[in-house]
Every structure is written in C-alpha cells, then in structure tokens.
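Numbering (the working numbering), first residue to last: 219 to 789. Beneath this line is the structure, given in structure tokens, with notes to follow.
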DNA sequence: GCCGTTTTCGGCCCGACTGTTTTCAGTCG
C-alpha cells in the first residue's frame, strides 16, 4: 500500500469511529495522522518502526498499524471495523449538513443505510418527525443529495481566482468595506480548491452581507449571519464571506487563510505561551489583554514566529522553521528571468517564434527556450530533423535582431516506450537545450516506466524532464513509477525536473517538487505556452514552487542565460 | 490515540450559523 491508501484507511476509520460515537480525541488522532501522512514527501516503505514514530501524530499504535498495512496490504482492525456498520452510512455522512450524529439517528430509527434509502425516506416525509428533525432538515437533505450526485469536479486554481476577484471587486464598490481579500486555500495557492473564502473588513457587516448574498452570480444562500455568510454560485462553487472589524483584520486573515492544521498548530503554540489566538486577535490567557490583531505579521510575532507566507501554511514543518527563523526565502515571480518551455507555430503552438520572443522580452525576460515537439508526436505536428534544422536557422537569424534577449533552440523530445528518444544523439547535440517527455504508453508497469525515465535521463544530452508525472487534473492520474529512483537519477545525472505551469498540469506538484529540492535536484519552470498570453501561466508555477519551499537557488529560471547553459551541462 | 520547557496521566484549538429549541446540539471550517 502507498501513503495515500494508508492515509485513506485512517480517514475512513475516523469516520466509522465517529458514527460509533467513540472518543472524540481518538478520532482526531486518526485524522491528524492521515493528514501528516498525506503531506509526507517520502514513501512510508522507506521508514523503519522508529522512524515512523517520528512522523507527527504517529505513535506506537498507529506505526504498528502502518507496518501491518505495508507488509500484508490490509489492516485486520479496519476489516473488523467495516463489518460493524453498513458501508452506506459513510456515503450519507458526505451529504453537506449531515454528520455522524444524524447518520446514526437515521440508521437507528429508520434503518437508513444508503443514499438511496435516505432519499426515499425524505421524499415520503419520514425524516420530519424524528426527534430534533423537521421539514427544513428534510428539505436540506434532499438538496444535499442532489449536490453530491452532481459530483462537482475539483475547481482549478485559476478559475476560482477569477471568480473570487470578481466578487471582491463588487464588494469593494461598497464604501463601508475598507478592505477585502482572498483567504483560504486559494490564498495558500493550492492547485485545486473546494470553495472560495473571502475576508472583508467593515464596520457595517450587515450591508456587506446584503450585497454579497444578493450578487448576480448567487444561486443559493447557504447561510447568512452578521459575521459570516455562505452562498453557492450558479456554477456550483461555494463562497464564504467573513466580515470583521478592521482592527482585527490580521488575526482574521490568519484564521481564515488556514490551513486548519496550521491553525491548530499555532493555537497550541499560543496556549503553551499562555496566550489564546482566535479570529479577533492574540490575547493573554489570564488578563485577556490583546497582544496583536491588526496585522498578520504581528500575530506571528506575538507567538515568537517569523512571518509565514500563506503558501507554507500546511503544517509541513513551517511553524518549527519559523520558530528558529529558518524559513526559506521563497522565489517570487520577479526572480524569473526566462521561460524554459515554449511552443511555436512550428509545431502545435499558434504564434510565430518572433511573436513569442517579443512577448517574453516585454515581460522582462532575458531569454526563452523554444521547445517544439519532435517528429513522433504527429498530432502536434512534431518536427522531423530537417524542419528542426530550419527552425534552428530561423532562431539564429532572430537572435541577431535582439540585443538584450536570447532565444535558445530546443525540442520537447518524445521518450519512447523503451526509453530511447525520438531524435538521435547526432541531432540532439546541435540543440542548446533538450527537454524530454512521456506522451504515450501511460499504462506501462511502474517498473517499466521507471526504467524508461531513468534511461532518458542517462542520455548525455537530456537536460530537463518536463511534466514528469503526466497527470492532468480532473482528467488523468499520474502514471505509475518510482519517484524516489527518478529523483536519485536526476541528481546523479544533473537532469532537472520541471514544474509545468499549465493550469491542468502543475506537474511536478508541490509535494514532489519539494522532495526533488530536498535531494538537491534542480527545478525548471516552464509554461508550455502554446500562445503568447499563456506566458501568464508562469505565476501558477511560481505558486507551486513556493508551496514546495523553493528558493531562487533551486530554480534554473533564476539564472542568467549564460549561467543557465553552464549549469545544465552534463559530465 | 498522541504527547510532554510544569505533566508518562490528563489534557487535547476555537468560534459561527442553522434548526431545533427556549438554552443548545450538530455541523462546519
């Protein structure tokens, strides 16, 4: 079993224990451990028992359970637990507004053990009348069932950000609103989000809530109170608005940005220092005197921490690092001097090299890498060697025109299923940079795929493996391969790994990119731009890089053109 | 079930909104 599967088992155990009304803290312990396992950059298989217990939230009991799963592929305790309740109860808990208590009540009173039987009961009016439940709850259950049947896709960061910015600009038209900004997972730069959180500062919360719940894009108002309201938009996204006094904006921003795990961690820390932290500020536990509230920086300072950038707030070691002032100095968009993965109309792009170069230059870049597809990718009008040499000539001519910008000749060479490349070494040697990628045969076994990638990296001309895992968000999972071995080979062969900035790719993701950095592998950011406006995707890649704790020194794009060419050389 | 700069036992983050109630439990983030 892999990390993800083991974390899932712990989460399901927590859900079952919750229905069984077990000890709340025991349930939390399972969820807490699951969260830490999901955040791990290393495979659980690589730990020994003592090492497992170094994972936060994993003690003697859970480490033994992990070992059992790693060895046998299952967990006896879990198998027994599953028998104790109908599995449909877990689906019922997924319905918004239905938690463990209601699920249990429904099962005990009406033997409801699936979404279907729940829907039937609600339609025939059997729910209203149960102790503590009336018509309103019955209606909400039917609404909730409809919602989960639609199974909304994960919302891509860029889409959610546009929606959020529209709402914020509407809110800001209200003169009573002093400040408004994105919070939640969107502010932390997660690649996909479940909802949108917005924080506003105003002395007149009511007016803000009126405006918000009355916006054109609102389909349903889920909740509306004086401090907090939630709506669902016409395209199905839940948006939460929290309004606070401007005086506590910083505290509220910390609280509302999360993550939940990060918040728990800093609240625990506060408590140890005889402080209390909530969305209104940091307070002295005894005197209730306020220590900080208005600015985010002050909140962290009051806890003895340096400021933690939102992208790091995942309880992945950032609080510990902030304590000893060892947080990384994260890369920013302004550190980027080049785009290292760009297409043109020579293959499947829609603009000339010249237009792409002009755009990149105007963005302030010093160079860019033109990396059109190789011949094997017929669907993308991949270049054969003859056309590639013509393109190299055109780039030479264009480079004469530019004084302060350089175009590097490259190719995104297809890695064939046996690990050989789509161009011979004779051709590759004439390129400034070689990018290599898998575009087919995703279903190979993990072993074959690992060998395929390793062989490509061992080629003396391959400089960067682009979109290394091949996942497409909402469409296709990553292909199977041994990431640790690929990272090790990347390090040994001086091959960089890309964070592809295309919104659906963002590949490597934050966890993998951080692992690569830890092993000393260089990271390359490439937009994979197929048109001039797609250079903008760079900010998404930078965001992933920041979540991966990347600094300037880890990223090839921060080097001057000369340094870049020197650093990527093999041997 | 985890964890320890007061603790190896006794704690474990904090508050808002809904729907049902007449002061609160359940759910959510």
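Beta carbons are placed, not taken as given, at the ideal position from N, Cα and C, and that holds for glycine.
The DSSP-derived three-state label of residue 420 is strand. The C-beta distance from residue 472 to residue 413 rounds to 18 Å, too long to fall under 8 Å, and the pair is not in contact. If you compare the alpha carbons of 561, 302, 635 with that of residue 658, the shortest gap goes to 635. Selection 362, 555, 463, 559 evaluated against residue 771 yields 555 as nearest (Cα-Cα). Annotation: the continuous alpha helix (DSSP H) that includes residue 572 extends over 571-580. Looking at the DSSP output, residue 451 bridges to 436. When C-beta atoms of the segment 340-359 are compared with those of the segment 408-424, fewer than three pairs fall below 8 Å, so the two segments do not count as touching. Here DSSP, grouped into helix, strand and coil, assigns residue 683 to strand. Taking a cut-off of 8 Å for Cβ pairs, the segment 228-235 and the segment 245-254 touch, as three or more such pairs fall below it.
Residue burial is scored here from C-beta neighbours: residue 604 has fewer than 16 other C-beta atoms within 10 angstroms and is therefore classed as exposed.
Three or more beta-carbon pairs separated by less than 8 Å are not found between the segment 283-299 and the segment 324-334, which leaves the two stretches without contact. Excluding sequence positions up to five before and after residue 620, its CB lies within less than 8 Å of the CB of 575, 579, all in the same chain and listed in chain order. Separation of the CB atoms of residue 664 and residue 699 is rounded to 5 Å, and the pair is thereby assigned contact status at 8 Å.
Here residue 492 carries a coil assignment [DSSP, helix/strand/coil]. In the displayed model, residue 769 falls within a strand according to three-state DSSP. With respect to the C-alpha of residue 712, the residue from 727, 755, 734, 546 having the closest C-alpha is 734. By the 16-neighbour rule on beta-carbons within 10 angstroms, residue 481 is buried. Under DSSP, the beta-bridge partners assigned to residue 401 are 415. In this structure, the straight-line span from the alpha carbon of residue 503 to that of residue 541 is close to 21 Å.
Annotation for residue 569: 562, 563, 749, 750 place their beta carbon closer than 7 Å to its own, counting only its chain and skipping 5 residues before and after.
Straight across, the Cα-Cα distance linking residue 496 with residue 431 is about 26 Å.
When only Cα atoms are considered, residue 675 and residue 655 end up about 10 Å apart.
Contact annotation, residue 228 with residue 251: C-beta distance approximately 6 Å; criterion of less than 8 Å satisfied. Only exposed fits residue 305, as fewer than 16 other CB atoms lie within 10 angstroms of its CB. The alpha helix (DSSP H) runs of length 4 or more contained entirely in the segment 506-562 are, from start to end of the chain, 514-520, 536-541.
The closest CA to that of residue 406, considering only 741, 222, 532, is found on 532. Per DSSP, residue 697 lies in no beta strand (DSSP E) segment and is marked neither H nor E. In this structure residue 601 does not touch residue 631 by the C-beta definition: roughly 10 Å separates them, more than the 8 Å allowed. Here the alpha carbon of residue 683 sits roughly 49 Å from the alpha carbon of residue 426. Note on geometry: alpha-carbon atoms of residue 475 and residue 469 lie some 10 Å from one another.
Taking residue 350 as the centre and dropping the five residues before and after it, the same chain places the C-beta of 323 closer than 8 Å to its C-beta, in chain order.
When the Cα atoms are used, residue 723 and residue 547 turn out to be separated by approximately 25 Å.
Counting every other CB atom within 10 Å of its CB across the protein chains shown gives residue 518 a total of 16 or more, marking it as buried. Less than 8 Å divides the Cβ of residue 740 from the Cβ of residue 714. In this structure, DSSP gives residue 762 a helical state, which the three-state scheme calls helix.
Contact annotation: the segment 353-360 does not touch the segment 390-402, with fewer than three C-beta pairs closer than 8 Å.
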